[in-house]
Amino acid sequence: MRVSSRKTARDLLRQRSQVIAVAITIALGVAMYIATAGAFQNLNASYDATYERLAFADLVATGGDVDDVARAAVEAGASSATTRTQVDPPLLIEDTKLLGRVISIPAGEHPTIDDVDVTDGSYPAADASGDVLLESHAADTFGLGPGDTLQVFGAQGWVEVTVAGVVDSPEYLWPARSRQDILSDPYSFAVVFAQEDAVARWFDVPPNQTLALLPADASAALEDDVTDAMTAAGASSVMTQEDQPSNATLSEDLQGFDQMSVAFPALFLIAAGVAAWVLLTRRILQEKPVIGTLMAAGARRGRVLRHYLRQGLWIGTIGSVLGVGLGVVANSAITTAYTGFIGVPDTVIMNYPWMLVAGLAFGAVVGVLGALGPAVTASRTSPAAAMRTQAGASAPGAWSRFVARQSWLPVSARMALRDLVRSKRRTFATMVGTVLALVMILTSVGMMTSIMQAISIQYEDINLEDGTVVTQAGTVTADALAAVDGVAAVETTHLGQVTVVGDDDSYVTALHGFQPDTQMHGFVGRDGEAVALPSGGVLAGHSISELLDVVEGDTITLHTDAGDSAVVIEAFLDEPIGTSVYASNEVAASLLPGGDTESFALAFQDGADRDELRQTVTQIDGVVAYQDSRAIIATVDDYLGLFWVFIGVMIVLGTVLALAVMYVTMAVNVVERTGELATLRAAGVPLRRVAGAIATENMLATLAAIPLGLLLGVWSAAAFLQTFNDDLFTLELRWAWWTLPAAALGVLLAALVSQWPASRQIRTVDIATVVRERAA
3 MRVSSRKTAR DLLRQRSQVI AVAITIALGV AMYIATAGAF QNLNASYDAT YERLAFADLV
63 ATGGDVDDVA RAAVEAGASS ATTRTQVDPP LLIEDTKLLG RVISIPAGEH PTIDDVDVTD
123 GSYPAADASG DVLLESHAAD TFGLGPGDTL QVFGAQGWVE VTVAGVVDSP EYLWPARSRQ
183 DILSDPYSFA VVFAQEDAVA RWFDVPPNQT LALLPADASA ALEDDVTDAM TAAGASSVMT
243 QEDQPSNATL SEDLQGFDQM SVAFPALFLI AAGVAAWVLL TRRILQEKPV IGTLMAAGAR
303 RGRVLRHYLR QGLWIGTIGS VLGVGLGVVA NSAITTAYTG FIGVPDTVIM NYPWMLVAGL
363 AFGAVVGVLG ALGPAVTASR TSPAAAMRTQ AGASAPGAWS RFVARQSWLP VSARMALRDL
423 VRSKRRTFAT MVGTVLALVM ILTSVGMMTS IMQAISIQYE DINLEDGTVV TQAGTVTADA
483 LAAVDGVAAV ETTHLGQVTV VGDDDSYVTA LHGFQPDTQM HGFVGRDGEA VALPSGGVLA
543 GHSISELLDV VEGDTITLHT DAGDSAVVIE AFLDEPIGTS VYASNEVAAS LLPGGDTESF
603 ALAFQDGADR DELRQTVTQI DGVVAYQDSR AIIATVDDYL GLFWVFIGVM IVLGTVLALA
663 VMYVTMAVNV VERTGELATL RAAGVPLRRV AGAIATENML ATLAAIPLGL LLGVWSAAAF
723 LQTFNDDLFT LELRWAWWTL PAAALGVLLA ALVSQWPASR QIRTVDIATV VRERAA
């Protein structure tokens with residue numbers, strides 16, 4: 003081993019506890035990057051593998067003559083196109099009535115587009131028209147399998163069918179009924195696949211959807227051409243794969259995951275760079291006589307520069323190697339857990355070579371950059387200046403003179419206050435560590451509290467109903483529902499799917515109708531003020547304004563199966579979850595097609611047993627579907643399950659970051675001041691007072707950085723939330739009153755804990771050796 007390498011190893015071993023802390027910080031940043039960015043790539047690959055294997059449709063057109071639409075799609079460049087029927091009838095599964103979905107499939111053979119993967123049982127035989135396939139989420143919710151039965155409400159009444167198999171569908175990896183109904187009571191939605199002739203017989207409706215598959219290398223221009231051709235052929239709406247409810251929901255989840263997989267590791271690596279800079283800066287100051295001796299003996303500046311850069315490189319490399327190893331293990335665990343939780347049929351686990359190389363490079367670069375400033379300083383040191391063990395005394399500044407006059411303060415307190423500006427770089431390093439820790443913690447906590455507040459606002463201040471009921475028209479009255487024990491109020495409502503058509507674009511969503519003085523839904527405008535439901539016109543989620551480039555007072559077209567209607571947007575609403583359209587019952591009834599069902603919103607009495615109410619209401623003759631609105635919150639928690647885990651990990655690691663950076667800064671603080679501390683001890687100053695002065699200085703620097711850390715943490719949390727916003731979620735930064743004080747207190751406690759190893763280090767200072775060196 004070369005002499006310079008041996009010296010590098012000896013120097014790092016001499017401060018091994020600080021070096022380990024810096025390396026661990028680098029390792030955490032690299033591991034987090036490898037794990038989260040790798041999991042993001044794997045999850046995308048898993049989705050793509052399932053979509054390709056099951057021929058997930060690129061375009062789904064609704065309406066028109068489906069044969070003409072399919073023909074137009076192929077002529078415009080689609081590789082294939084098929085037709086099918088989709089109906090949303092009531093279902094009866096065991097004792098639960100719900101509004102489900104029935105989709106037609108070919109008899110005896112799998113669909114060529116939007117295929118299904120049979121995970122239990124078998125595909126129905128061609129002559130078994132009474133057998134169906136049940137989507138896996140519903141099968142798990144209700145505990146059904148092959149051989150079990152359920153009932154479908156058709157044109158002639160209830161029809162009993164037998165489950166032949168349980169399937170995964172690319173359309174329902176996340177069981178979303180529509181783009182605006184992605185979060186619902188799991189007992190309120192189920193998807194059944196039945197043979198084409200059976201669907202036609204049950205519902206007496208012709209095929210109403212066209213599915214198109216584009217070539218693998220299709221461009222955006224080709225997709226637009228096929229979409230235009232399908233629309234021109236009579237399709238009322240064309241949904242792209244990007245906008246398909248399940249895919250859009252999962253993509254939204256992954257989008258936020260992708261953003262966090264880059265930003266959070268970056269925070270750790272920045273903190274590691276700061277810690278490396280602090281460590282090596284202090285070592286160079288301590289070794290100035292050695293540097294001067296080397297340079298006086300003929301060592302070139304370049305060699306000194308490379309020596310200290312090598313220390314940063316070694317620290318970075320050690321940390322990055324450890325981080326890559328941890329990241330590979332975590333990548334596999336995260337990918338497996340997520341695909342298993344969602345129920346993705348195909349799980350792709352890969353450790354991408356370019357990502358591993360990037361992780362190694364990140365750690366090494368962080369170490370080198372952290373060492374660059376100190377190394378350049380060392381290489382430019384004059385030999386004569388470096389060999390002086392004591393710098394010339396300088397006149398105290400205004401702050402030092404002011405502090406010295408405060409005789410009412412203890413000596414240790416005056417020392418701490420003086421030293422805050424005596425070594426600005428030391429104070430700056432401590433403050434940067436504090437700021438980075440607060441940014442990490444507040445970003446994580448801010449996202450968590452904001453989403454929790456959004457859920458609370460949506461389901462406690464806006465969606466005020468406790469349950470919704472769908473009945474056969476004319477069979478159940480509001481009074482009959484109000485008579486159920488535990489029901490406090492009942493209102494008639496309307497609900498249907500509409501396509502909002504603007505000048506250049508359209509948007510598929512839900513139209514909700516309520517009584518003008520409804521107590522079942524709260525309407526909040528963009529200014530935060532309550533909005534009354536208009537007697538004419540509609541209210542709309544504010545995302546429609548951006549999607550269709552419309553403003554309040556504009557006239558839009560609402561397309562339904564009943565035809566097209568022109569309506570005025572009276573106001574835009576501020577709702578955290580979803581983008582819907584609202585109207586009075588009278589207006590909604592005029593826009594939606596007449597049907598065989600009616601809907602009601604229910605409010606429950608305080609303390610009502612929700613499970614008992616579900617059973618009681620669904621047993622009423624004429625009730626065909628029921629949904630507990632509060633059960634949606636459990637679905638939201640399931641949807642955000644990975645997010646909660648990620649945020650929890652970030653909060654824990656943010657605390658680790660604070661401890662690591664502050665430990666390095668404060669331990670090096672002690673090393674740098676060894677001579678001063680030994681002199682104080684030799685003069686008879688008690689250890690507790692010396693340690694107290696150091697701790698007071700560090701805590702004051704931490705306290706001074708907290709306002710900036712809080713400010714940047716709030717800004718960072720708001721910026722991260724913006725990456726989640728679209729038509730599905732509109733999140734604003736909202737804090738609980740205790741959040742900012744708790745974050746500040748947590749960082750102060752981390753700084754306080756970091757004083758313990760520093761005080762132990764003071765106790766180990768060899769007073770005699772230091773005094774002899776200073777006297778030499």
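Each number in the numbering used here comes from the position in the sequence shown (counting from 1) with 2 added on. All C-beta atoms, glycine included, are put in the ideal place defined by N, C-alpha and C. Everything numeric in this text was worked out from a predicted model, so none of it was measured.
Between residue i and residue j, how many whole angstroms is the CB-CB distance? I'm expecting something under 8 angstroms.
i    : j    : result
G369 : I28  : 7 angstroms
E1   : A200 : The chain is shown only over 3 to 778; residue 1 falls outside these bounds and no answer can be derived.
A502 : L550 : According to the sequence shown, residue 502 is Val rather than Ala. About 7 angstroms; that satisfies the 8 angstroms criterion.
V306 : I293 : 6 angstroms
Near residue i, what residues of its chain come up, given a Cβ to Cβ distance below 8 angstroms and the 5 sequence neighbours on each side ignored?
i    : result
Q211 : V62, A63, T64, V68, T85, R86, T87 and Q88
R416 : V405, A406 and Q408
A220 : D60 and G79
L661 : A752, V755 and S756
R16  : none
L541 : F525, V533, L535, I571, E572, A573, F574, L575, V583, Y584 and A585
G236 : G65, G66, D67, D70 and V71
L216 : D60, L61, G79, A80, S81, L224, E225 and V228
R73  : A83 and A235
Which term fits residue i, buried or exposed, when burial requires 16 or more other beta carbons within 10 angstroms of its beta carbon?
i    : result
E531 : exposed
A534 : exposed
Q607 : exposed
G149 : exposed
P188 : buried
T557 : exposed
S124 : exposed
T620 : buried
R616 : buried
Under a three-way DSSP split, which group does residue i fall into?
i    : result
S537 : coil
V154 : strand
F574 : strand
G597 : coil
T98  : strand
I579 : strand
P779 : The structure shown has nothing for residue 779, since the chain only spans 3 to 778.
V472 : strand
S82  : strand
E254 : helix
F525 : coil
T479 : coil
F430 : helix
A141 : helix
Q460 : helix
D230 : helix
M241 : strand
Q724 : helix
V626 : strand
D67  : coil
Q392 : In this predicted model, Q392 has a pLDDT of only 49, less than 50, meaning its place in the structure is not dependable; the value taken from the coordinates is given anyway. Coil.
Ordered along the chain, which non-local residues of its own chain (more than five positions away) have a Cβ less than 6 angstroms from that of residue i?
i    : result
R312 : T10
D133 : P126, T164 and A166
I107 : P113 and F195
T337 : A41, N44 and I351
Apart from the five residues on each side of it in sequence, which residues of its chain come closer than 7 angstroms, Cβ to Cβ, to residue i?
i    : result
V326 : V32, I36, L358, G361 and L362
V161 : Q153, V154 and W204
V478 : I622, G624 and V625
T379 : I286
D183 : A512
T233 : V240
A366 : L315, G318, T319 and S322
Can you determine whether any heavy atom of the ligand MG sits closer than 7 angstroms to the C-beta of residue i, and answer yes or no?
i    : result
T429 : Summarising the ligand content, the structure contains no ligands, and the ligand MG is consequently not present.
Check whether the segment 469-476 and the segment 588-602 are in contact - that is, three or more C-beta pairs closer than 8 angstroms. With a cut-off of 8 angstroms, the segment 588-602 and the segment 469-476 count as touching, because enough Cβ pairs lie within range.
Please confirm if the segment 207-223 is in contact with the segment 37-51, defined as three or more CB-CB distances below 8 angstroms between the two stretches. With a cut-off of 8 angstroms, the segment 37-51 and the segment 207-223 do not count as touching, because too few Cβ pairs lie within range.
Is the segment 423-435 close to the segment 723-739, with three or more CB pairs under 8 angstroms? In short, these stretches do not touch, since the Cβ pair count stays below three.
At least 3 beta-carbon pairs within less than 8 angstroms: the segment 440-447 vs the segment 712-725: Result yes; three or more Cβ-Cβ pairs closer than 8 angstroms.
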